[in-house]
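Per numbering that gives the first Met the number 0, the sequence shown starts with residue 0, numbered consecutively. Even glycine gets a Cβ: it sits at the ideal position worked out from N, Cα and C.
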Amino acid sequence: MRARQIVGATVMAVAAGTALALTLPALAKTDERPRPAPTAKPTPAKSTPALAAPLAAAPAPKAAVTPRGSAADCPKDVRPGGAGTAASPSAASYLGTGKDDAANAVDIGAGCTIVVGGRFNATTLLAKAAKLPGGGAGAVLRLDATGRKVLSASRVAGAVDDLEVRRTTGDIAVATDKGVRLLDATAAHVRWKADGAVTRVAIGDTGTVAALSGTTVRIYSATGKATGSVKLSGKTVNDVAVDDKTGRVFVTGFTQYGGPCKQVQIPFVRAYDRRGAQKWKLYDFAPNAIGDLCADSRGDRVAMGRDGMLYFAGEMAGGNTVFTKNGRSTKVDAPNVGYDKFTQAFNTRSAHLTYFARLDPGAGKVRAGQSLLARIDVKGDLGNTIKPRAITADAQGRIYVGGVSAYQIADRDKVTMNGKRLKAYAGGDAWVLVTSPDLKKRLLWTAWTDGGTGEVRGLAVSGGVAALAARADKTPFYTTAPIQAARPAAGGYTAVWPGRR
């Protein structure tokens with residue numbers, strides 16, 4: 000539901016044999032710079048690998064109870080939330096005008112109030128913003144359920160990297176360059192704070208907060224009292240989530256190893272109690288235990304869905320990955336669902352692919368998973384890079400994933416917004432995928448770039464409303480009913496469209 004840049008701002012067409020431009024250890028020898036769409040004539044593949052038989056559909060989770068007060072001002076008549084490649088946003092707007100600006104996170108509170116956090120410079124949106132202690136370009140915006148009206152704006156810090164709304168009260172946990180802050184539901188007052196730069200944050204229904212700083216996760220009570228911490232030295236830690244129903248704090252990332260695969264990255268998802276004691280883990284294998292599952296793999300995002308399940312998104316540099324297994328044993332297959340060339344990892348070389356899954360937060364089991372990749376149609380459907388930056392799910396278990404993709408997602412040339420056909424891929428698509436609860440069907444797979452480049456960094460869905468936060472590396476993106484008149488060369492971006500009930 001929230002997203003921050005992981006390493007390597009944008010990723011594009013893969014060419015085996017060149018080094019990754021990442022500040023962390025490279026996943027594989029590929030080039031991820033944005034590039035225009037291929038113009039070469041189609042070259043028939045010498046042989047086309049047969050698609051694997053689709054796996055059985057994953058069982059859909061039971062619908063969760065709607066959070067208290069969440070329907071007060073939510074849409075009464077919800078249109079379909081898009082179909083195939085056609086989306087119908089009620090609003091889409093740039094936020095800020097600076098090259099370092101970005102909308103990094105989004106969530107939905109009571110009454111379908113949309114809360115967006117990021118860094119926004121030189122914009123009239125903050126002209127009357129409340130300035131909280133230490134406030135600067137880092138800001139929290141509250142929008143109505145359509146995304147067309149700004150309810151309030153608050154300057155919080157130099158930058159807001161992440162946020163999450165407490166579903167029972169509307170309080171907002173915010174990760175900033177100055178520390179973690181818990182704001183009230185209006186974002187006008189600080190309930191408590193803990194200093195020290197924080198990059199990711201999560202809050203549970205009873206107020207437990209987890210904040211990530213480097214490789215350390217600090218855990219706080221609803222009143223801001225430190226209750227525990229987890230130090231993961233030697234690992235790269237990318238995200239946290241909290242489930243107060245099970246009393247668990249979840250952490251994901253990866254470990255760089257040497258071993259039988261020479262250099263290999265192995266992902267992990269771990270669950271801790273509020274004091275920092277480990278309760279379960281997934282993946283996290285020793286390098287000598289993975290056999291030929293040598294594709295570098297990472298854990299990028301974890302988030303609690305509105306259905307009470309834990310959702311995970313990661314990436315893999317090829318199809319021979321530990322994500323093909325159930326997370327506890329390299330001998331037992333994962334309950335993955337694949338049904339076409341975009342959900343089955345073949346003919347990929349070392350392209351960076353997305354993997355996402357529904358996890359049981361209490362038992363620590365993979366309930367369903369799916370691979371996702373882009374394909375280069377003019378190169379024999381060669382698999383291409385697509386990275387996740389955000390994941391969430393609605394109360395019925397429909398999964399929302401977003402990020403940045405190389406050329407190109409399925410039917411990219413048919414993508415429309417409110418009936419307008421978007422311009423062709425231009426070097427890095429900000430995309431959103433919505434799947435059915437059983438993962439057997441894509442309900443929506445669309446790009447928001449309209450001749451520009453960038454990435455989706457945050458996703459939220461509740462009460463018939465879906466929203467995203469993004470960074471536009473180069474405009475234009477699609478806009479409609481914008482809350483900011485200025486169109487910058489780069490900056491933050493947000494969009495709101497009908498979610499499904």
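- By the Cβ criterion, the stretch 479-492 is in contact with the stretch 100-120, since at least three pairs of Cβ atoms, one from each stretch, lie closer than 8 Å.
- DSSP places Met-303 in the uninterrupted beta strand (DSSP E) bounded by 296-303.
- The residues Phe-322, Thr-323, Lys-324, Asn-325, Gly-326, Ala-356, Val-365 and Gly-368, in chain order, have a CB closer than 8 Å to that of Ala-333 in the same chain once the five nearest residues on each side in sequence are set aside.
- With 16 or more neighbouring CB atoms inside 10 Å of its own CB, Gly-146 falls in the buried class.
- In its chain, beyond the 5 residues on either side, Thr-214 have a beta carbon closer than 6 Å to the beta carbon of Leu-231.
- Taken through DSSP and simplified to helix, strand or coil, Asn-335 comes out as strand.
- Burial state of Ala-362 is exposed, judged by a 10 Å Cβ sphere holding fewer than 16 other Cβ atoms.
- Nearest neighbour of Tyr-399 by Cα position, chosen from Ala-302, Gly-203 and Ala-405, turns out to be Ala-302.
- In the structure shown, the three-state DSSP call for Arg-411 is helix.
- Beta bridge pairing from DSSP links Asn-237 with no other residue.
- Counting C-beta atoms within 10 angstroms of its own C-beta, Gly-451 has 16 or more neighbours from the protein chains shown and is therefore classed as buried.
- Secondary structure at Lys-439: coil, using DSSP grouped into helix, strand and coil.
- Going by DSSP, Pro-132 is part of no beta strand (DSSP E) at all; its letter is neither H nor E.
- A distance below 8 Å separates the beta carbons of Ala-446 and Asp-428.
- Distances from the CA of Lys-130 to each of Arg-274, Val-455 and Leu-182 were compared; the closest alpha carbon is that of Leu-182.
- If you draw a straight line from the Cα of Thr-251 to the Cα of Arg-217, it comes to about 14 Å.
- Per DSSP, Asp-472 is one residue of the beta strand (DSSP E) stretching across 464-473.
- Using a 10 angstroms sphere on the CB of Lys-177, the tally of other CB atoms reaches 16 or more, which defines it as buried.
- The alpha carbon of Met-315 has as its nearest neighbour, out of Lys-439, Ala-465, Ala-466 and Thr-347, the alpha carbon of Thr-347.
- Take the alpha-carbon of Pro-266 and the one of Gly-108: they are about 31 Å apart.
- In the DSSP annotation of this structure, the continuous segment of the beta strand (DSSP E) that includes Arg-388 starts and ends at 385-392.
- Of the candidates Asp-242, Tyr-93, Arg-269 and Val-208, Arg-269 places its Cα closest to the Cα of Thr-235.
- Nearest to Lys-419 by alpha-carbon distance, out of Ala-136, Gly-135, Asp-72 and Pro-88, is Pro-88.
- The beta carbon of Ser-404 sits closer than 6 Å to those of Ala-373, Ile-385, Asp-428 and Trp-430, all from its chain and outside the five residues before and after it, given in chain order.
- Per DSSP, Gly-157 lies in no beta strand (DSSP E) segment and is marked neither H nor E.
- Taking all protein chains in view, the Cβ of Val-414 is crowded by 16 or more other Cβ atoms within 10 Å, so the residue is classified as buried.
- The DSSP-derived three-state label of Leu-372 is coil.
- Between Gln-483 and Leu-162 the beta-carbon gap is near 19 Å, outside 8 Å, which marks them as no contact.
- Closest option to Lys-192, judged by alpha-carbon separation, among Asp-204, Pro-132 and Val-464: Pro-132.
- For Ala-392 against Arg-305, the beta-carbon gap comes to about 6 Å, under 8 Å, which counts as contact.
- Across the set Thr-245, Ala-221, Gly-379 and Gly-257, the C-alpha of Thr-245 shows the shortest separation from the C-alpha of Asp-359.
- The alpha-carbon separation between Val-455 and Ala-471 amounts to approximately 9 Å.
- In this structure Ala-91 touches Thr-478 by the C-beta definition: roughly 5 Å separates them, less than 8 Å.
- If you compare the alpha carbons of Leu-281, Leu-371, Ala-276 and Arg-165 with that of Ala-186, the shortest gap goes to Arg-165.
- Beta-bridge analysis with DSSP links Trp-430 to Gly-402 and Ala-446.
- By the neighbour-count criterion, in which a residue is buried when 16 or more other Cβ atoms sit within 10 angstroms of its Cβ, Val-495 is buried.
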